[in-house]
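This report refers to the structure that appears directly beneath it.
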Amino acid sequence: MALRSSLRRFSACLLGLAACAPPSGAELTESSSTSTSTSAEATSTSTSTSNASAESTSEETATSSTTGDASTTAAPSQCGDGEATPGELCLVRLDPLALGHQPADVELADLDDDGHLDVAVAAVGGALYTRYGRGDGTFDDAAGPLVPLVQPRGVAALARTQTGPLDLAAADMGFNSIALLEHEAPRSYAAPKGLPVGDQPRALARGDLDGDGDDDLVIASQGNDTVTVALFAGDAPPILQSYAVGEEPYAVTLADLDDDGALDVATADRVSGSISVLLGDGAGGFADATAHAARPDVRSLAIADLNGDGAQDIVATSFDDSKLTILRGHGDGIGFTSLFLPTGAELYGVAVGDLDHDGAVDILATDLGSSELLVIRDLQTELPTVSRMATSAGPLDVTVGDLDGDGDLDVVVAATYGDAVDVFVNDP
């Protein structure tokens, strides 16, 4: 009963339906932060899980509400009938894309402008790969690395012209620079140009920060605790501006956190155990960072409206701490309410999207220790559900997109120890 009560209270906190004072004997807590204040101890909750087959559609699991304590019941699966039933999780793992050099980060984008999503992969062992999608969830065979680099950790696809193929950028920690690859033709790139930035650039995020229609770039540098904003305008060299964030930023993402129409920046600061938020002005400038408490050893983050209140929320993984941080947004980009969800996993990458066709956002996270993909669903109900699916060894990054053109989200995972990229297609 205590576990069931704690889980209900977590969901109520996320939805903003109840205060989150910890009940007797439980660890459920909440803290509101607009600066560097340290939150209270982690939320205690219970989830039910099932292991999915490595080759077949994952089993759905749910938490039964017919008994006094939390228990699991397998929901009848109708996967494969062509009907997208709300609440039905139907991820099918295809054969991995064999690459090499320890894939660490993966980007989904239509690189060659043929209408199908492709993958670009930064492999920390020293290579940048591209694999081109066929539009059915499969990819063309790769001839080998697109270009050798020293230690690439992040990759981004940039739209620097209004139409046509995309350019590529890779964060090369070995050279303390960004490798820029301009497209010469579909599936063909010029030799990389180096853009010196920061110290140990690790992660990239792309978006139009100044409203000129061209993608710009934000680079998180873990060696000097900064993000560098690179504003592109046509063929001119980018304008660079750096901002201080928390200690050792491991990940960076963009979203409109204060609902003003301009993109804002959020970083996952590993050593300081915080999320830094920099509010954008829509013209390429940013306010000083504000820090919000997360769990220790935070590794990755994603942004979405998790509770349906219209405000953007931030979810972040913590590796050694084995908990998810959820910063419930207040809609102004300044105030957040911190919630912590134990998962019992060595979490690394994170992504968000509606995987089970119920209209609500789900959380995907990679478990580096067990080599599994976690899908956390039903966040707006009393009892969230966790499903686990096997991946290739050492999953780091995860991202989602419609690979087969059927209107639902598919999943791609970069597995560093397996030298592969896993593809899960959504097959309702």
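Residue numbers are given in our numbering: position 261 of the sequence shown equals residue 294, and the series is strictly consecutive.
Glycine residues also receive a C-beta, built at the ideal position from the N, C-alpha and C atoms.
Computed from a predicted structure; not experimentally measured.
Residue closest to residue i, alpha-carbon to alpha-carbon, out of the options
| i | options | result |
| --- | --- | --- |
| I211 | D145, S221, G197, K226 | K226 |
| A337 | A349, A153, D174 | A349 |
| A131 | V157, E140, R164, L122 | R164 |
| Y450 | T432, L401, V444 | L401 |
| P229 | L242, N209, R235, D247 | N209 |
| F319 | S305, L287, T376 | L287 |
| D302 | M422, F352, G133 | F352 |
Straight-line gap, residue i to residue j (C-alpha atoms, nearest Å)
| i | j | result |
| --- | --- | --- |
| D268 | D200 | 12 Å |
| G158 | T424 | 20 Å |
| K356 | F373 | 6 Å |
| D387 | D460 | 14 Å |
| D439 | G115 | 10 Å |
| A189 | G120 | 32 Å |
| G148 | G170 | 13 Å |
| S65 | Y162 | Here the model assigns S65 a pLDDT of 40, short of 50, so the residue's position is not dependable, and the following value carries that caveat. Each residue's alpha carbon lies about 42 Å from the other. |
| Q413 | A398 | 18 Å |
| D443 | H216 | 26 Å |
| T370 | D174 | 46 Å |
| V251 | A204 | 11 Å |
| V298 | D241 | 12 Å |
| A224 | L436 | 28 Å |
| A85 | D430 | For A85, the predicted structure reports a pLDDT of 35, less than 50, and the residue's modelled location is therefore unreliable. A value from the coordinates is still provided. C-alpha separation (whole angstroms): 19 Å. |
Residue burial classification, residue i (beta-carbon count within 10 angstroms, cutoff 16)
| i | result |
| --- | --- |
| P328 | The amino acid at residue 328 is misidentified as Pro; the sequence shows Arg. So R328 ends up on the buried side. |
| D330 | buried |
| Q345 | buried |
| Q255 | buried |
| S221 | exposed |
| P428 | buried |
| I347 | buried |
| R126 | buried |
| I272 | exposed |
| P270 | exposed |
Residue i: first and last residue of the uninterrupted beta strand (DSSP E) it sits in
| i | result |
| --- | --- |
| I211 | 210 to 214 |
| L396 | Looking at the sequence provided, one finds Ile at residue 396 rather than Leu. Where I396 is concerned, the enclosing beta strand (DSSP E) stretches over 395 to 400. |
| S307 | 307 to 311 |
| G434 | 428 to 434 |
| L459 | Just to set this straight, residue 459 is Asn in the shown sequence, not Leu. Start and end: 453 to 459. |
| I367 | First-last for I367: undefined, no H or E at that position. |
| D411 | Premise fails: D411 is in no beta strand (DSSP E) and is neither H nor E. |
| V385 | 380 to 386 |
| T449 | Where T449 is concerned, there is no enclosing beta strand (DSSP E), given that its DSSP letter is neither H nor E. |
Counterpart residues of residue i in DSSP-defined beta bridges
| i | result |
| --- | --- |
| S275 | T261 |
| P329 | According to DSSP, P329 bridges with nothing at all. |
| G227 | A212 |
| V157 | Looking at the DSSP assignment, V157 forms no beta bridge with any residue, so it has no partner. |
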